[in-house]
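Undergrad: Structure in C-alpha cells, see below.
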Amino acid sequence: MNPTIEITDLRQSYGGRAVLDGITLGIEGGVFALLGPNGAGKTTLVSVLSTLLRPDSGTARILGHDVVRDAATVRRLIGTTGQYASIDEALTGRENLVMVARLLGLGARRAKQRADELLGSFGLEDAADRRVGGYSGGMRRRVDLAASLVLPPAVLFLDEPTTGLDPASRSRLWADVAQLAADGCCVFMTTQMLDEAEALADRVAILQDGAIVADGTVAELTGLIGEETAVLVDRDGRPVRTLDVPSSAGGLAAALAALDPAERGLRVELRRPTLDDAFIALTRRDHRLDLTGAAA
Amino acid sequence: MSAVALHPGTGPIAASRVFVGRSLRHSLRDGEGLSLAIVLPVMLMLLFTFVFGGAIDSGGGYVDFVVPGIIVLCSGFGAASVAVSVNRDLTGGAMQRFRSLPMPAATCLVGHVVASVLRNLLATAVVVGVALLVGFRPVAGVGEWCAAIGLVLAWILAVTVVFAAIGLLASSPEAANGYGFALLFLPYLSSAFVPLDSLPAWLVPVASAQPVTPLVESIRALLLGQDPGLQPLFAVLWCAGIVLAGAAVAVWRFPKR
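Listed below in C-alpha cells is the structure:
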C-alpha cells in the first residue's frame, strides 16, 4: 500500500535561502510529529502539503495524489488547522462550522446538524451562538479543530496546535488528537514542544534548517544519543557534568575513582535521555549543558 | 487505515452563495459601519443643500443639482469598507482555511462585492428618500428612473471592485483603509457639486476626463428630464473598464496572496 503521505526531495527557498532543503519522508499513518525550532521550515512544509504553497521542486503526495497537480483531490481529503486559528471572528462558532460544512458540500440541513454534533463533542454548546472574536484561546482552537473535522479527513494537519494555550486547554486538545488517532485518522502535526510529541506521536522527525536531521519513534530518537548516563549533580540536584563511564566491568568504580577531588562531594545519578536531550543534541543550537557527550 | 470518503466540495455558484450569506451577516452585524454608510451621505447632502447651497444658488434649486453627486459620493463611502474586509480575510487566518477547502476560494471576493452592492443600494435608497423630503423634485419617467438606477448600480459595482482590488494589494487592513481614502476625493473634482464651467480652466480637462463627471451628468439629466446625450455611454464604458481592471487585479493578485 502507498504511504499516506509521501514526500520526495521537496525544496523551497525564499530569496536564496533554502527553507526546505530536500525533504524526503514517507508516513504510513498514525500521529506524526514534526519537531523543530522557530524558522526551521515546519509551517512551510505544512503549507506545501495542504496545497497552500507550490514548492520549487520535488513532489508530495497524499494517498497517491500530487499536492500540486492534483490539488483539487488533495483538498477533498485533508483537514487543516493553522498556527493561528483560521476562523471567522465576526461569526459565531456555530455559523463558522455551518459555513465550512456548506463549503465542503453538505446541504443546509445536514450542515446545521453536523455543526450541532461538533459543538457537542468539543464542549462548545454554551458558546455556540457567541461570536468567535470573544472566545478564549482554547475555545478558538477547538472551533478551529472542529472546523477541520466537519467531514472526517484522511489526513489532518495541525500546525503548532497548542501554541499559546493554557495547560488545561492543552491537555484537552491532546485528548482530542489522541481520540482522532484512535479513530484511524492520520495526523501530521508540528510542534516546538517536545513533551507534546512525546505524549502524542507514534513517530517524530526533527527539522533543522530545512532538513530532516532525525526520524523515528520517540524511543529510537532518545536511543540515538545513548543509553542511561551517569550524571554528577550538586547538592541542589543540578547536573554538573556527565560521567565518562567505560563500558567494561567495574567501569563505574573506575570512573568514580578518577573524579577530581573537588567533585567528591557531589552525587551521582542515573539519567535516562529524553526527547529534549535528543532534540538539543541533534539541533546543536543549545550548548548550555552538554549532557549528551555520546552524540555530540 | 480505514477508507475515507472524498469530501464532495462545492462549485463556484454554491460557494458564492455561501460567501454572500457570510458577507451579508458581517454587514448586518457591523451596525456602526452600516449606519455610518447611510448617515454620512445623508449628512453631506444636508450640508450641501442647506449650508453651501444658499451660497452656490440663492434660488434654492441646488438640491436638484447636487443629489446625483451625493448619490455617487455615497457609493464611495459604502464601498470603502470592502478593501478592509478583503484584506482582513487575506492577512487573518480565514483565507488559509478557504484555500484548503475543495471549492474555489476566490468566490469569497464575490461575497464581499455582492454584499457591498446591496449595502450601497440600501444607502442610496435612503439618500434619495431624504432628498425627496428636503425638496428634490425629479421629473423622470419609469424608463429614466430605471436607466438612472442602472447607472448607479454600475458605478457601485465599479467602485466596489476597485476597493476589493485595493484590499488585495494592500499589505494590511489599515493600509487598505488609507488607500481607499484617496478615491473619495474623485467626486469633488467633477461636476458633482459645481458646474464644470465654474472650475478653474486648468482643472476642467481633469474633471471632464474622469468617470464621475459623465456619470453625474447622466443621472442628473435623466432625473431632471433633460437630454443626457452620449454621457450615459461614457459612464457605462468607464464602469465596465474599471470593473475589468479590478477583475484583472484580482485574477493576478489573488493566487499570490
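Going down the list, the sequences are from chains A and B.
Per the working numbering, residue 648 is the first one in the first sequence, and the count goes up by one each step.
Per the working numbering, residue -6 is the first one in the second sequence, and the count goes up by one each step.
We put the beta carbon where it would ideally sit given N, CA and C, even for glycine.
1. Under 7 angstroms Cβ-Cβ, which residues of chain B neighbour L750/A?
2. Is it right to say A158/B is buried, meaning 16 or more other beta carbons lie within 10 angstroms of its own, or is it exposed?
3. With a floor of 4 residues, list each alpha helix (DSSP H) that falls wholly inside the segment 21 to 56 of chain B, ordered by position along the chain.
4. Whole angstroms is fine: what's the gap from L692/A's alpha carbon to L766/A's?
5. Measuring only between beta-carbons, confirm whether I670/A sits less than 8 angstroms from chain B.
6. Let me see if you follow: with CB-CB separation under 8 angstroms, is G912/A close to chain B or not?
7. Taking 8 angstroms as the CB-CB cut-off, is A257/B touching chain A?
8. Give me the chain A residues within the contact set of H105/B, using Cβ-Cβ distance strictly less than 7 angstroms, ordered along the chain.
9. Run the CB neighbour count on D842/A, radius 10 Å, all protein chains shown included, and call it buried at 16 or more, exposed below.
10. Give me the Cβ distance between L812/A and G770/A, rounded to the nearest whole Å; I'm assuming they're in contact under 8 angstroms.
11. Can you check DSSP and say which residues form a bridge with H712/A?
12. Count Cβ pairs between the segment 790 to 806 of chain A and the segment 738 to 752 of chain A that sit closer than 8 angstroms; are there 3 or more?
13. Taking the straight line between their C-alpha atoms, what separation do you get for R130/B and G222/B?
14. For a contact defined as C-beta to C-beta under 8 angstroms, what are the partners of R130/B on chain A?
15. What residues of chain A sit near R112/B, judged by a beta carbon separation below 7 angstroms?
16. For T117/B and C67/B, which I take to be in contact (beta-carbon distance under 8 angstroms), what is that distance rounded to the nearest angstrom?
17. Could you check what DSSP says for E675/A in three-state terms: helix, strand or coil?
18. Helix, strand or coil: which one does DSSP assign to I63/B?
19. Does D196/B come within less than 8 angstroms of chain A when only Cβ atoms are used?
20. Contact defined as beta carbons within less than 8 angstroms: I believe I725/A pairs with P808/A. What is the distance between those atoms, to the nearest angstrom?
21. Of the residues G677/A, T720/A, R777/A, which one's Cα is nearest the Cα of R741/A?
22. Along the chain, where does the alpha helix (DSSP H) containing S109/B start, and where does it finish?
23. Since G71/B and A30/B should fall inside the 8 angstroms C-beta cutoff, what is the C-beta to C-beta distance between them, to a whole number of angstroms?
24. Between L672/A, P650/A, E653/A, which has its C-alpha nearest P858/A's C-alpha?
25. Is I6/B helix, strand or coil when you go by DSSP?
26. Below 8 angstroms, can you find three or more Cβ-Cβ pairs linking the segment -1 to 15 of chain B to the segment 84 to 104 of chain B?
27. Quick one: give me the first and last residue of the alpha helix (DSSP H) that T691/A is part of.
28. With the cut-off set at 8 angstroms, would you say V851/A and L803/A are in Cβ contact?
29. Using 8 angstroms for Cβ pairs, my map puts V13/B next to F41/B. What's the rounded Cβ distance?
30. DSSP state of F804/A, grouped into three classes?
31. Which residue from F45/B, A7/B, A73/B puts its Cα closest to that of F178/B?
32. Cα-Cα, which of S183/B, P198/B, L196/B, L192/B is closest to L208/B?
33. Counting only beta-carbon separations shorter than 8 angstroms, does R761/A have a partner in chain B?
34. Does the Cβ of E25/B have 16 or more other Cβ atoms within 10 Å, making it buried, or fewer, making it exposed?
35. Taking Cβ-Cβ distances shorter than 7 angstroms, what residues in chain A pair up with R22/B?
36. Pairs of beta-carbons, one from the segment 119 to 130 of chain B and one from the segment 748 to 762 of chain A, closer than 8 angstroms: are there three or more?
TA: So, to answer that:
1. Taking the first residue of the first sequence as position 1, residue 750/A is located at position 103. Within 7 angstroms Cβ-Cβ: T3, A8, V11, L94, M96.
2. By one-based count along the second sequence, residue 158/B stands at place 165. Result: buried.
3. 24 to 39, 46 to 49
4. For this step, residue 692/A is matched to residue 45 along the first sequence. For this step, residue 766/A is matched to residue 119 along the first sequence. Each residue's Cα considered, the two are about 30 angstroms apart.
5. For the purposes of this step, residue 670/A is identified with residue 23 of the first sequence, where counting begins at 1. It does not; no Cβ of chain B falls within 8 angstroms.
6. Here residue 912/A refers to the residue found at position 265 of the first sequence. Output row for G912/A: interface = no.
7. For residue 257/B there is no data in the structure shown, the boundaries of chain B being -6 and 250.
8. Within the second sequence, residue 105/B is the residue found at index 112, counting from 1. Within 7 angstroms Cβ-Cβ: nothing; H105/B doesn't reach chain A, min ~13 angstroms.
9. The residue given as residue 842/A occupies position 195 in the first sequence. With fewer than 16 other Cβ atoms within 10 Å, it is exposed.
10. Your numbering for residue 812/A matches position 165 in the first sequence. Your numbering for residue 770/A matches position 123 in the first sequence. Rounded, the Cβ-Cβ distance is 15 angstroms, inconsistent with contact.
11. Within the first sequence, residue 712/A is the residue found at index 65, counting from 1. In the DSSP output, where bridge partners are listed per residue, H712/A has I709/A.
12. yes
13. The residue given as residue 130/B occupies position 137 in the second sequence. The residue given as residue 222/B occupies position 229 in the second sequence. Cα to Cα, R130/B sits roughly 21 angstroms from G222/B.
14. Counting from 1 along the second sequence, the entry for residue 130/B is found at position 137. Those within 8 angstroms of R130/B in chain A number zero; the least Cβ separation is about 41 angstroms.
15. Reading the second sequence from its first residue, position 119 is the one you call residue 112/B. By Cβ distance, chain A contributes nothing, its closest Cβ being about 15 angstroms from R112/B, past 7 angstroms.
16. Residue numbering aside, residue 117/B sits at position 124 when the second sequence is read from its first letter. Residue numbering aside, residue 67/B sits at position 74 when the second sequence is read from its first letter. Indeed they touch by this definition, with Cβ atoms about 6 angstroms apart.
17. As a first step, residue 675/A is located in the first sequence; it is residue number 28 there, counting from the start. The answer is coil: DSSP assigns E675/A none of H, G, I, E or B.
18. The count along the second sequence starts at 1 and reaches residue 63/B at position 70. The answer is helix: DSSP assigns I63/B an H, G or I state.
19. Position 203 of the second sequence, counted from the first residue, corresponds to residue 196/B. The question names Asp, yet the displayed sequence has Leu at residue 196/B. So, not an interface residue.
20. Residue 725/A sits at position 78 when you count from the first residue of the first sequence. Residue 808/A sits at position 161 when you count from the first residue of the first sequence. Between P808/A and I725/A the Cβ distance is about 15 angstroms, and since that is not below 8 angstroms, they are no contact.
21. Stepping through the first sequence from its first residue, residue 741/A is reached at position 94. It is R777/A.
22. The residue given as residue 109/B occupies position 116 in the second sequence. Segment 100 to 126, the alpha helix (DSSP H) holding S109/B.
23. In the second sequence, counting from the first residue as 1, residue 71/B sits at position 78. In the second sequence, counting from the first residue as 1, residue 30/B sits at position 37. Going by Cβ atoms, the distance from G71/B to A30/B rounds to 4 angstroms, so yes, they are a contact pair.
24. What you label residue 858/A is simply residue 211 of the first sequence in a count that begins at 1. According to the sequence as given, residue 858/A is Ala; it is not Pro. It is L672/A whose Cα lies nearest to the Cα of A858/A.
25. Within the second sequence, residue 6/B is the residue found at index 13, counting from 1. Three-state result, I6/B: helix.
26. yes
27. Counted from its first residue, the first sequence places residue 691/A at position 44. Element bounds for T691/A: 689 to 696.
28. If you number the first sequence from 1, residue 851/A lands on position 204. If you number the first sequence from 1, residue 803/A lands on position 156. Taking 8 angstroms as the Cβ cut-off, V851/A and L803/A do not qualify as a contacting pair.
29. The sequence position of residue 13/B within the second sequence is 20, counting from 1. The sequence position of residue 41/B within the second sequence is 48, counting from 1. Contact doesn't hold; Cβ gap of about 34 angstroms is too wide.
30. The residue you call residue 804/A lines up with position 157 of the first sequence. DSSP places F804/A in strand when its eight states are reduced to three.
31. In the second sequence, residue 178/B corresponds to position 185, counting from 1. Residue A73/B is the option with its Cα nearest to F178/B.
32. Position 215 of the second sequence, counted from the first residue, corresponds to residue 208/B. Residue S183/B is the option with its Cα nearest to L208/B.
33. Locating residue 761/A in the first sequence gives position 114, where the first residue counts as 1. So, not an interface residue.
34. On the second sequence, residue 25/B is found 32 positions in, with the first residue counted as 1. So E25/B ends up on the exposed side.
35. Locating residue 22/B in the second sequence gives position 29, where the first residue counts as 1. In chain order: A737.
36. no
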